[in-house]
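S.K.: Take a look at this one; I'll ask things after.
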Amino acid sequence: MKNLNRRDFLKSTALGVSAVALGATSVKGADKTLSEDRIGILVDTAVCIGCRNCEWACRVAHDMPTKELESYSDNSVFKEYRRPDKTALTVVNQFENEKNPLLPVYVKNQCMHCERPACVSACIVGALTKQADGSVIWDDDKCIGCRYCMVACQFQIPSYDYDKSIDPHIRKCDLCFERRKKEKLPACVNICPNEALLFGKRSEIIQIAKNRIKRKPDEYIDHIYGEFEIGGTSWMYIAGKNFEKLKMPPLGNNPAPGISESIQHGIFAYFVPPVALYALLGTVMWITRRRNGENDEENILKPHDEKGENK
Amino acid sequence: MMMKKVYFLYIPLILIICIAGSNLLPKGLTKKFDADKGNFSKENQNNNLTHVESDFTNQTLTCKSCHETEYPTKNDPGLRKCPRFDMISKFPTFNKGPEVVDIKEMSDKYTDVVFSHKIHSQMSEMSIGCTDCHHYNTTGPVLNCRECHEQNRSREDVSVPDLKAAFHRQCMGCHKQWSHDNGCSTQCHSNKGTDVKNRDRQEMLDKKHPKVTEPTKMIWETNSAAGKIVTFFHNEHNQLFKINCNTCHKQENCTKCHDVNNPKDDKNPIGIKKSFEDHHKPCMNCHNENACEKCHKEKEMTPFNHSSSAGWTLKNYHSRLACEKCHGNSMPFKKLDNNCTSCHKNFAPGKFDHKLAGLTLSENHKEMECENCHLKNDFSKPPDCKTCHDDKSFPAQSPGKR
Ligand code: SF4
Ligand code: SF4
Ligand code: SF4
Chain A
0 MKNLNRRDFL KSTALGVSAV ALGATSVKGA DKTLSEDRIG ILVDTAVCIG
50 CRNCEWACRV AHDMPTKELE SYSDNSVFKE YRRPDKTALT VVNQFENEKN
100 PLLPVYVKNQ CMHCERPACV SACIVGALTK QADGSVIWDD DKCIGCRYCM
150 VACQFQIPSY DYDKSIDPHI RKCDLCFERR KKEKLPACVN ICPNEALLFG
200 KRSEIIQIAK NRIKRKPDEY IDHIYGEFEI GGTSWMYIAG KNFEKLKMPP
250 LGNNPAPGIS ESIQHGIFAY FVPPVALYAL LGTVMWITRR RNGENDEENI
300 LKPHDEKGEN K
Chain B
0 MMMKKVYFLY IPLILIICIA GSNLLPKGLT KKFDADKGNF SKENQNNNLT
50 HVESDFTNQT LTCKSCHETE YPTKNDPGLR KCPRFDMISK FPTFNKGPEV
100 VDIKEMSDKY TDVVFSHKIH SQMSEMSIGC TDCHHYNTTG PVLNCRECHE
150 QNRSREDVSV PDLKAAFHRQ CMGCHKQWSH DNGCSTQCHS NKGTDVKNRD
200 RQEMLDKKHP KVTEPTKMIW ETNSAAGKIV TFFHNEHNQL FKINCNTCHK
250 QENCTKCHDV NNPKDDKNPI GIKKSFEDHH KPCMNCHNEN ACEKCHKEKE
300 MTPFNHSSSA GWTLKNYHSR LACEKCHGNS MPFKKLDNNC TSCHKNFAPG
350 KFDHKLAGLT LSENHKEMEC ENCHLKNDFS KPPDCKTCHD DKSFPAQSPG
400 KR
């Protein structure tokens, strides 16, 4: 048996990317169309050295203004806790290591590319979409700058570039959409000197994370952050201490509220007379319910039908 | 911009129609969304990684643990990738290794990285030894990192770090305290063509760590209710019980003791705060039965004494044996009873040469059953002469010659 070929893997995610460009594989909120081979990235905080090369590479890859790489080794930035914003899609923060104050812990933050992304659910115009390859990307032309995604995101990730006030742009990690189109690894993964960022198939990455924890039980706590949090995320973390202490929000395993809300938001966002729309909605519900009724019948007849459909 | 606004007035409508539409679609059609799945066959998804990723904590070795090929030969051993420490069998001692290693991996861009192998290997004795870096080796020559660590970041098996990461992790695991002035380009990589001074080889060779003196007895005053005073005999654990340094001193590095960024203080060990668990772990690894009372006493403990601890004085041959000869290799030591036959399975009538017990039996006693003298075959008690001789007792009288 041959190992799956990494080039093939990149190629497949790249294919996914180009398919997305044609609008074929985008899905909204639901996980049923997620590919089994979807992307996972592990941040091994025990290996990260806080060099911030990833921050630099990310800026360069996204044509954002940046100082030269050498300036990133100035670690005075760690004095303040930073969040990703419109000037940095990813930031690295420093945390104290109680065991040895001379060996601090570093944690890279960026959009987690949730398996059930709240931002996608909240987006009233469908600008944000969850891709089959796991990434959460957006269409700048559709975005109207309502900022619902900012409110919905449990990790406070999306930010807005308001420099051109009438034409705002979402700023968040796009899992290096453009680079992956060219079969390249995400810029941060590619540059990391310690390979603290591990890019691969999500299922495979989880297995590697588990093995690392098992092999060094003294070094890691037995928890992969993002394996299950809010329904799972594409970026996952392992660490030697409680994630709360690393300012990773303690979230349950339930995904954020679902898709239905966004229809309601949509109605009010555009000041369309609600009565007219309710009439339309009524019709839709009637059709939908009838359709669901049929589904139910089918399910009774064929209980083992298509696993994904009944999730 | 105007176009955009008009377009969005239709959005709710479009949305609703889409949702209704997706519900109206025949079931099979929704599968279309799975389009970019299945670039890998099922076989590929489930395959095992080539290197041994099995249970590292509990590994039993077979030929297959190391050799991939069915018929390994000397010239073509067909070794597996990286099964790690558990199987390392032999190492050259540190003073046989090279003094300085030049790493030329990026010689097109940077000057060579000069690695002071000698002092690193010397100090590794304080930690887990050579295996810290050379974490996989057979009895043969020390393997090159490239044997396992691929050059390419975009590769098939990502569970083993690539070469760049493998190198950096070795250094940066300890030298995490880099800063702008103490960064990559001054410590290791000098850009080619710049006049940054390369690290001084001679200085590197001359560098020696002062001899680390081993503590003998350490005493702590704790506030434990189980007993305030904890005495630890470092020398006994090391010399008498032959416990390797790295059984307790795991994963230690220079920064555990020295703050390299603070030259004023780089000679003084820094105070490391340990959690309750971390403090107790080295002891509890072995002393896990009589936990607190084993160490926490009201007064200072006396050195180890086999007679008082085990209730059995080591005499003759036994006093010359290493602990593990009787008590086994694994920690905690195996408890033994005082019966000779518990260990000496061959001490059976007719087979046992009584001379070994320090007493040659006289002709009259030679042919007797053991239990005639050692009642119920209990060899821990002195023999009983009374069963045959009313007037004799051991050791005043003896059934043979000493
Ligand atoms: S982290 Fe926030 S922005 Fe990123 S996918 Fe999840 S909900 Fe959306
Ligand atoms: S994946 Fe790309 S966009 Fe996301 S943090 Fe890394 S470099 Fe930035
Ligand atoms: S490049 Fe890698 S090691 Fe450096 S800060 Fe980013 S994740 Fe950490």
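Here the protein sequences line up with chains A and B, keeping their order. Residues 0 to 310 (numbering that gives the first Met the number 0) make up the first sequence, in order. Residues 0 to 401 (numbering that gives the first Met the number 0) make up the second sequence, in order. Yeah, the Cβ is synthetic: ideal placement off N, Cα and C, and Gly gets one too. Predicted, not measured: the structure shown is a model, and the values here were computed from it.
1. Who are the neighbours of P160 of chain B on chain A, taking C-beta pairs under 7 Å?
2. Suppose contacts are defined by Cβ-Cβ distances below 8 Å. Is I330 of chain A in contact with G133 of chain A by that definition?
3. Of all the options A:V106, A:F242, A:A131, which has the alpha carbon lying nearest to the alpha carbon of T32 of chain A?
4. With respect to the beta strand (DSSP E) encompassing K107 of chain A, which residues constitute its N-terminal and C-terminal limits?
5. Could you tell me the distance, in whole angstroms, from the CA atom of D352 of chain B to the CA atom of K344 of chain B?
6. Using a Cβ-Cβ distance under 8 Å, would K78 of chain A count as near chain B?
7. Mapping the DSSP letters down to three states, classify C53 of chain A as helix, strand or coil.
8. Which residue from B:C325, B:C282, B:V112 puts its Cα closest to that of M203 of chain B?
9. Residues in the region 75-101 of chain A with C-beta within 8 Å of chain B's C-beta atoms, listed in sequence order?
10. What does the alpha-carbon distance come out to for the pair C342 of chain B and L239 of chain B?
11. Following a CB-centred definition, is A131 of chain A positioned closer than 7 Å to any heavy atom of ligand 1?
12. For D62 of chain A, collect the residues of the same chain with a Cβ closer than 7 Å to its Cβ; drop the 5 residues on either side in sequence, then sort them by chain order.
13. Per DSSP, what kind of secondary structure is V113 of chain B in: helix, strand or coil?
14. Give me the Cβ distance between L196 of chain A and C53 of chain A, rounded to the nearest whole Å; I'm assuming they're in contact under 8 Å.
15. At 4 residues or longer, and completely inside the region 301-388 of chain B: list those alpha helix (DSSP H) runs for me, N to C.
16. Taking the alpha carbon of S202 of chain A as the reference point, which residue from B:S158, B:V100, B:T68, B:T230 has its own alpha carbon closest?
17. Among all the DSSP beta bridges, which residues are the ones paired with K246 of chain A?
18. In chain order, what residues of the region 45-62 of chain A put their CB closer than 7 Å to some CB of chain B?
19. As a quick check of your reading: which residues have a C-beta less than 5 Å from at least one non-hydrogen atom of ligand 2, in chain order?
20. Taking the C-alpha atoms as reference points, what is the distance between C387 of chain B and E370 of chain B?
21. What are the uninterrupted segments assigned as alpha helix (DSSP H) that are 4 or more residues long and contained completely in the region 135-169 of chain A, given in chain order?
22. Using the three-state DSSP reduction, which class does R82 of chain A fall into: helix, strand or coil?
23. Following a CB-centred definition, is I156 of chain A positioned closer than 7 Å to any heavy atom of ligand 5?
24. Checking contacts by CB at 8 Å: is Q263 of chain A closer than that to chain B?
25. Going straight from the alpha carbon of K298 of chain B to that of I190 of chain A, what length do you get?
26. Answer with yes or no whether the minimum CB distance from I212 of chain A to chain B is below 8 Å.
27. Since I207 of chain A meets chain B, which of its residues come closer than 8 Å, beta carbon to beta carbon?
28. Could you confirm whether any beta carbon from chain A is found closer than 8 Å to the beta carbon of K402 of chain B?
29. Relative to the C-alpha of K78 of chain A, which candidate in A:L245, A:F94, A:K66 has its C-alpha closest?
30. With which residues is D101 of chain B paired in a DSSP beta bridge?
31. Would you say L197 of chain A faces chain B, with C-beta separation under 8 Å as the test?
32. DSSP three-state label for C172 of chain A, please.
33. I want to see whether chain A comes within less than 8 Å of R145 of chain B, judged by CB atoms only; does it?
34. Over the uninterrupted beta strand (DSSP E) stretch that includes N99 of chain A, give me the two end residues.
35. Let's test the definition: count the other Cβ atoms within 10 Å of the Cβ of I199 of chain A and tell me whether it reaches 16, buried, or not, exposed.
M.R.: So, from the listed chains and residues:
1. E194
2. Shown here, chain A extends from 0 to 310; a query on residue 330 of chain A therefore has no answer.
3. A:A131
4. 104-108
5. 13 Å
6. no
7. helix
8. B:V112
9. E97, K98, N99, P100, L101
10. 21 Å
11. no
12. none
13. strand
14. 7 Å
15. 305-309, 322-326, 339-342, 362-365, 369-372
16. B:S158
17. DSSP, once it has assigned bridges, lists no residue as partnering K246 of chain A.
18. V46, I48
19. A:C57, A:L88, A:T89, A:Q109, A:C172, A:L174, A:C175, A:P185, A:A186, A:C187
20. 12 Å
21. 147-151
22. coil
23. Because ligand 5 does not appear in the structure shown, any question about it cannot be addressed here, the ligands present being ligand 1, ligand 2 and ligand 3.
24. Residue confidence for Q263 of chain A is low, a pLDDT of 43 falling below 50, so the modelled location carries little weight; the figure read from the coordinates is stated next. With 8 Å as the cut-off, Q263 of chain A does not count as an interface residue toward chain B.
25. 58 Å
26. no
27. V157, S158
28. This structure gives no information on residue 402 of chain B, because the portion of chain B shown stretches from 0 to 401.
29. A:F94
30. B:V113
31. yes
32. coil
33. no
34. Run containing N99 of chain A: none; DSSP gives neither H nor E here.
35. Correcting the residue identity first, residue 199 of chain A is Gly in this sequence and not Ile. It counts as buried.
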